[in-house]
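Single-structure report; data block below.
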Amino acid sequence: MKIQWSLIAALVFALVTAVFAVINVNPVEVNLLFGIVNIPLILLILGCSLIGGLIVGAFGIYRQYQMQKQIRTLAAEIIHVREATGYTLEVQQAAEEQKKQEEAAQTAAQNAQDKQP
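If you count the sequence shown from 1, you need to add 56 to reach this note's numbering.
So this is what it looks like as structure tokens:
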């Protein structure tokens, strides 16, 4: 659902940017390091939007790469801890089952005591 809202927001932003760019077609002077360039404002707006989108996309890809790396590291750490402690899912399930049986036995004993006059 979050992805759908992000897509809708991106489309609305793109539409607003396009409308704003089409309205502003007058030429403007842009001072660059090597000189002054006259370009239509529409190209400047669309170019800056494109560059901003590329920067955000690159940052997102980098962040996703970092998170995948962290997931691999944590998964390896979990495996190491399981090997060091002998922990397995079956051991945990057996311990939980035994605890449930003990609680049921205590509850039954408590109920039997409560029923006696």
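Idealized CB from N, CA, C, for every residue including glycine.
Contacts around residue i, its chain only, beta-carbon distance under 6 Å, and the 5 residues preceding and following it disregarded
i: S105; result: T73
Residue range of the unbroken beta strand (DSSP E) whose run includes residue i
i: L88; result: 83–88
i: N94; result: 91–96
Beta-carbon spacing of residue i, residue j below 9 Å
i: A77; j: L110; result: no
i: E85; j: I79; result: no
i: R138; j: T144; result: yes
Cut-off 7 Å between Cβ atoms - residues of its own chain near residue i, not counting five sequence neighbours on either side
i: V81; result: P96, L97, I98
(Q) Any contact between the stretch 111–128 and the stretch 92–102? By contact I mean 3 or more CB pairs, one from each, below 8 Å. (A) The stretch 111–128 vs the stretch 92–102: no contact.
4-residue-minimum alpha helix (DSSP H) runs that sit fully inside the stretch 137–165, ordered along the chain = For the stretch 137–165, not a single whole alpha helix (DSSP H) run of length 4 or above is found.
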